[in-house]
Structures are given as C-alpha cells and as structure tokens.
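The opening residue of the sequence shown carries number 2 in the numbering used here; numbering runs sequentially from there.
Even glycine gets a Cβ: it sits at the ideal position worked out from N, Cα and C.
Small disclaimer: the values here were computed from a predicted structure and weren't measured.
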Amino acid sequence: MVSPGEYQQQYQASVDDPERFWLDAAAAIDWDSPPSRALDDSTAPIYRWFPDATLNTCANALDRHVATGRGDQAALIYDSAMLGKQRTYTYSELLEQVALFAGVLAAHGVSKGDRVIVYLPMIPEAAIAMLACARLGAVHSVVFGGFAAKELAARIEDAEPKLIVTASGGLEPGRTVAYLPIVAKALELAQTDSATTVLVKQRESIPGSAADYTDPAIAWIDWDEALAVAEPAVPVSVSATDPLYILYTSGTTGKPKGVVRDNGGHAVALTWSMCNIYDIGPGQVMWTASDVGWVVGHSYIVYAPLLVGATTVLYEGKPVGTPDAGAFWRVVSEHKVRALFTAPTALRAIRKVDPEAKELAKYDVSSLQTLFVAGERLDPSTYEWASTALAVPVVDHWWQTETGWPICANLRGLEPMPIKPGSPTVPVPGYQLDVLGDTGSSVGANAEGNIVLALPLPPGTLVGLWRDDDRFVRSYLSTYDGYYLTGDSGYTDDDGYVYVLGRSDDVINVAGHRLSTGGMEAVLAGHPAIAECAVIGIHDDIKGQRPSGYVVLKAGVDIEPDTLRAELVQRVRDEIGAVATFRDVTVVTALPKTRSGKILRKTMRQIVGGEDYTVPSTIEDPAVLDVLEQTIGPSA
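Encoded structure:
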C-alpha cells in the first residue's frame with residue numbers, strides 16, 4: 002500500500018471522522034451562518050452536507066477578495082485565439098460586471114430558486130452569467146454551445162427556466178455557429194412556456210441580434226443595453242443545501258440526467274481541492290482548457306480558482322489550428338500559467354501535428370509546474386510524449402460530472418507521489434473507493450471489477466437529479482447497497498493505485514464528452530431506410546473514442562452507401578450536435594442479439610477491436626458473428 006505520510010493521515014481522518022474533517026475544511030469558506038454540523042444522514046441514501054449553514058457562493062468567489070484588499074489582482078483572463086484579442090478582469094472589475102448582470106436578471110424576474118439556461122460560447126459573459134445566478138441564489142444550467150436545438154429543448158423542458166442567456170453565436174476555425182436560430186427552434190420544440198426572456202450578447206464578429214426576434218410571449222433583450230441601465234444586486238444568502246446549478250449529462254435511456262450541485266458542499270470541496278490537489282492559491286494562475294458547458298469548466302474555469310483568489314484563464318480556441326500547434330504553449334507563456342488542466346484529446350491533437358514539439362521550443366513555459374489531465378484515459382504513449390516535451394509532472398486524475406471534483410488524484414499540494422502511467426494514483430480523501438464483483442464482494446488487488454464509492458459521498462458531489470430522486474437512486478445507488486456505482490470498471494494494484502479501464506455501460510467518451518449511444522441510435526433509426534441499428538464506441542487516436550454506427554436496411558431498400566452515410570451523419574449533427582463527431586456508418590445484414598432481443602454491443606466492440614471473445618450463451622444466431630467478422634472486423 003501507499004506508504005504512511007501526510008496523504009494517508011488525511012485520508013484516514015476523512016474516513017474515521019468525516020464530520021470533523023469536513024467541518025475543518027469548511028473553515029476556509031465565509032459563511033453567513035456557519036455550520037454546526039457537517040452531515041445530515043436523516044434521508045439516507047440521499048445525504049446533505051452542512052444542513053444548518055447559509056452562504057453565498059458568488060460572494061465567496063468575488064466579494065470577499067475585494068473586501069480583503071485584493072480587488073486589483075487579476076481574476077479572469079479572457080484569451081481568444083479566434084479573435085486575436087485578450088482582456089483581463091480584476092476582481093473588482095469582475096465583481097462590478099457580475100453584480101450589474103445579477104441586477105439585469107433580477108429586473109427580469111429572476112429570484113432565488115429560479116432556473117436560468119446559459120447557452121454561450123467561451124466568452125467572459127459565460128462566467129459572468131453563472132456567477133450572477135449564484136449571486137441571486139438562482140440555479141443556472143449551462144448548455145454547451147455545440148448542442149443542437151433538440152438537445153437544448155430537452156434541457157429547457159426539464160429545467161423549466163425563467164430566462165435564457167445566449168449570444169449571437171460562437172466561433173470555430175473557418176466558420177461561425179449562429180446561436181439565435183438554435184435557441185428560437187429549441188423554444189419552439191420545448192413542451193414548456195416557462196421562459197419569458199432571452200438575453201442576447203451581441204458579438205461584433207457574428208451577425209444576428211435580439212432585435213431580429215419578435216414574440217409576444219418572449220422578450221428578446223440585448224445584453225449591453227440591459228446592462229447599461231442595471232442596478233447592481235447584492236448577494237442573496239442561501240442554504241448550503243440549496244442547488245447552485247443543474248448540469249445535464251447523457252443517460253443511457255436517451256433522456257439527459259440533470260445532475261444537481263449544492264452551494265455549501267460545492268464551495269468547501271472545490272476550495273479544499275485547489276490547495277491539496279492542484280497546489281494553487283491566491284494570485285497564482287490556473288488554466289483549464291475546457292468549456293464552461295462541461296463539469297470541468299464549471300469547477301475549474303469558473304468556481305474553484307475564484308473561490309481561492311487565484312487567476313483563471315478562459316480560452317476561446319483550439320489546441321491546434323488557432324493558429325498552430327503552439328497555441329497552448331503561447332497561452333502558458335503569456336499568462337504565466339502555473340497549472341494547466343486539459344484532456345488527453347488535446348495532447349493527442351498537438352502531438353499529431355507537432356510530434357517533435359518544435360512549436361513548444363518557441364515559448365518560455367518555465368512558469369508551468371504541473372500538467373493535469375482528465376476526461377478520459379491518458380494512454381501511456383501520450384503521457385510519455387507530454388512528460389518528455391514539458392519536463393514537468395503529467396498528472397492523470399479521474400472524476401465524473403456527477404462527482405464534480407476528483408475521485409482519484411496525485412495530490413500535488415498535499416503529498417506528491419510517484420506517477421504510474423495509466424493510473425490516476427489514489428483515492429482522494431473523502432472518497433471510500435472499492436472494486437466489487439457482480440455478487441457485491443470486494444475482488445481484491447489486481448482483479449477487475451466495478452468501481453464503487455461507499456456512501457455517503459463527500460461534499461461537492463451530486464445531491465440528486467433534478468426533480469427525480471427515484472432515477473437518482475435507481476441509476477447510482479441501487480446496484481450495490483450502501484455504494485454509489487461509478488459505471489466504470491477497473492482495479493487497484495498492490496500499492497493501492499487505481500486503474501480505470503473504461504465505462505461499463507453504453508455511454509461513450511468522445512474527447513472527454515460523455516454521449517449516449519442510445520440517443521444516436523434513436524436518430525439513426527428514424528431514417529426511412531433503416532430497419533435496426535447499433536452505435537458503439539471505437540478507439541480513436543485523437544478523441545479516445547468515436548461513435549461508429551452499424552445499420553440494417555429495410556427489405557427492398559436501394560440506396561447508395563455514400564448517400565446513406567451522408568444523410569445519417571447530417572441527422573446526428575442536426576439532432577445531437579457536431580460534438581458527437583459521428584461519421585462512421587457500416588451496412589450489415591444483421592446485428593447479433595440475445596434471444597430476448599438485446600443487441601450484443603460488447604461483442605461488437607470486441608470484433609471491431611480485434612479482441613478475442615466468447616460467443617455468448619444467450620445469442621440467438623451465432624452465425625451472425627461470422628458474417629460480422631468479415632464485414633466489420635479489424636481488417637475490414
């Protein structure tokens with residue numbers, strides 16, 4: 002096992018006396034009413050942290066730093082490689098903008114508990130809108146700007162927002178994405194009329210404005226015009242157990258799950274993580290190269306750096322092509338980034354274009370102390386490349402949308418440990434990790450099984466699914482009594498290091514984005530030529546995984562394969578979004594199924610991957626596998 006030291010002491014304290022451990026951690030937060038106890042277990046298996054405390058998350062992220070004399074320090078650096086422009090907001094400036102926009106929201110009827118959908122690109126207004134909601138005690142739900150109208154509509158239906166915040170559009174290399182037609186279509190599709198206002202940030206480089214839309218039921222308002230006449234809003238005190246945000250993640254049924262994060266546990270956990278995991282404190286620069294539409298962006302672009310008084314970088318661009326494979330190294334150099342957090346996909350993209358790291362040599366990246374990687378498995382070759390090129394620790398760590406902060410990590414601020422390629426190191430204090438077999442018993446070291454976390458989960462993790470406690474219990478807490486099911490399989494080695502091998506369900510991970518294959522199958526099945534279909538995740542050198550579709554045509558259908566592929570790709574783009582990167586379509590004569598009709602997707606993945614497999618005993622027609630091997634095998 003890991004040798005005794007500071008980590009082991011902290012971990013054991015979090016297990017033996019979580020009440021004391023988390024009350025001590027809570028001392029780093031400014032409370033309106035401090036907690037007298039940490040955990041409320043009266044409604045187990047659903048738990049609540051700091052049940053008698055009150056606070057405001059925005060005040061902890063901004064106001065308190067200004068009040069202690071650090072208003073002139075940089076809070077947020079906006080770096081747009083797409084526009085070739087930068088802007089730095091001090092804590093005082095960011096507070097002013099957030100307070101004013103909170104005033105805009107309040108003037109349009111938003112108050113404590115109301116939901117606000119934020120559908121914005123990577124611009125400062127995204128962080129401002131999130132913090133403004135938190136200031137009022139409103140609940141924000143950020144939707145990634147790459148999602149299509151149907152996906153946005155599903156989130157509008159579930160959250161029932163009072164107001165939507167958007168922009169004229171987003172920027173991609175070589176093209177712009179107009180947001181306003183997507184929002185208008187989503188409002189038309191959504192089976193709710195809760196939203197009465199759409200606030201639009203007009204971007205100078207993208208046409209389209211609030212004035213283009215007239216609807217007697219919905220007011221389309223220009224962001225800047227509203228801000229010009231706004232009165233600043235003061236922070237609203239909320240219960241620590243009140244929701245801060247809803248973040249939707251793919252569900253295997255195709256219906257997105259609204260993960261709910263609370264205010265108090267979230268603030269405590271993220272603050273603890275910044276010091277102990279990321280080794281970042283006041284005035285130091287952290288850059289998380291993600292998007293605010295994902296949990297990584299919520300936690301480590303917006304909230305965590307600001308909670309501890311650090312400087313966060315909000316980057317609008319790509320790792321390559323904006324303009325070259327040196328984009329990340331330029332940002333690190335210019336802004337003196339101490340910790341960079343990105344996904345393996347980004348590193349693979351840079352390596353593909355610049356395998357010798359020649360672009361890196363053009364920049365002084367001596368400020369960089371650690372490269373953190375998460376979102377999908379960090380393969381050993383990418384780890385070795387990044388470690389050699391940067392000559393700093395490359396730290397893989399593992400967590401989920403549901404947990405909100407790392408489950409396993411190499412705790413650089415507490416006790417740095419030897420790095421083992423392929424492992425996110427050890428469980429973080431607060432997480433009691435185990436690996437169970439199908440019978441519910443621990444499998445022991447070096448044996449693969451289902452990774453689970455003993456209840457209660459630590460602060461900062463999901464407190465439920467939006468308005469659906471039954472689904473929360475059914476999806477995460479019912480498989481093994483007393484445990485949260487991560488949905489990942491893996492093992493621990495003799496030193497206590499954890500190895501995560503992959504998803505144990507059919508949600509795939511594309512460049513760090515969890516997407517439902519079931520949702521894609523539903524889209525493909527809607528094509529008039531398709532009788533049945535399956536979508537599986539296959540290996541991709543850049544994105545980790547990508548979706549691959551296998552379709553059976555209806556009898557008598559005559560369609561060119563290229564035509565069919567183009568139509569199916571467009572359907573997925575229209576209904577799921579470009580983020581799915583769906584492009585592989587193979588026509589097959591039949592899909593392997595069990596006698597009960599379940600498609601054997603795991604077996605299909607093994608065939609495509611060239612792996613050995615055992616013919617399932619439940620298969621309806623084993624001959625189908627022979628045909629599939631000839632059609633979709635690795636040599637095809």
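- The Cβ-Cβ distance between residue 234 and residue 264 does not fall below 8 Å.
- The C-beta distance from residue 147 to residue 209 rounds to 17 Å, too long to fall under 8 Å, and the pair is not in contact.
- Going by beta carbons, residue 198 and residue 219 fall inside the 8 Å limit.
- Around the C-beta of residue 540, fewer than 16 other C-beta atoms lie within 10 Å, and the residue is accordingly described as exposed.
- Pairing residue 311 with residue 21, the inter-Cα distance amounts to about 27 Å.
- Just so you know, the alpha carbons of residue 52 and residue 207 end up roughly 46 Å apart.
- One thing to note: residue 406 has its Cβ within 8 Å of the Cβ of residue 270.
- Unbroken beta strand (DSSP E) stretches of 3 residues or longer found wholly inside the region 92-143: 116-120, 140-143, given in chain order.
- Annotated as proximal: residue 123 and residue 317, with beta-carbon spacing under 8 Å.
- Assignment of residue 81 by DSSP, reduced to helix, strand and coil, places it in the strand class.
- Residue 278 and residue 413 do touch by the CB rule: their CB atoms are close to 7 Å apart, below 8 Å.
- The C-alpha of residue 358 is placed about 43 Å away from the C-alpha of residue 464.
- Of 381, 115, 129, the smallest CA-CA separation from residue 138 is found for 115.
- DSSP, reduced to helix, strand and coil, places residue 288 within a strand of the structure shown.
- Here DSSP, grouped into helix, strand and coil, assigns residue 340 to strand.
- For residue 317, the enclosing beta strand (DSSP E) stretches over residues 312-317.
- DSSP places residue 388 in the uninterrupted alpha helix (DSSP H) bounded by 381-391.
- DSSP lists no beta-bridge partner residue for residue 265.
- Partner residues in the beta bridge of residue 240, as assigned by DSSP, are 55.
- Judged by DSSP in its simplified three-state form, residue 548 adopts strand.
- In the structure shown, the three-state DSSP call for residue 246 is strand.
- In this structure, residue 516 lies away from residue 550, with their beta-carbon atoms at least 8 Å apart.
- The DSSP-derived three-state label of residue 589 is coil.
- Here residue 548 is not near residue 608, since their CB atoms are 8 Å or more apart.
- C-alpha of residue 272 to C-alpha of residue 259: approximately 24 Å in a straight line.
- Judged by DSSP in its simplified three-state form, residue 50 adopts strand.
- Between residue 617 and residue 629, the gap from beta carbon to beta carbon reaches 8 Å or more.
- Straight-line measurement puts the Cα of residue 38 at about 46 Å from the Cα of residue 543.
- Fewer than three beta-carbon pairs drawn from the region 378-389 and the region 575-585 are found closer than 8 Å, and the two stretches are therefore not classed as touching.
- Remark: C-beta atoms of residue 521 and residue 570 do not approach each other more closely than 8 Å.
- Approximately 6 Å separates the beta-carbon atoms of residue 410 and residue 425; this is inside 8 Å, confirming the contact.
- Of the residues assessed, residue 88 falls on the exposed side of the cut-off, its CB having fewer than 16 other CB atoms within 10 angstroms.
- Nearest to residue 107 by alpha-carbon distance, out of 181, 133, 97, 92, is 133.
- In terms of CA proximity to residue 35, 56 leads the group 41, 56, 478, 295.
- Within its own chain, the residues whose Cβ lies closer than 7 Å to the Cβ of residue 300, once the five positions on either side in sequence are excluded, are 271, 405, 406, listed in chain order.
- Looking at the DSSP output, residue 334 sits in no beta bridge, so it has no partner there.
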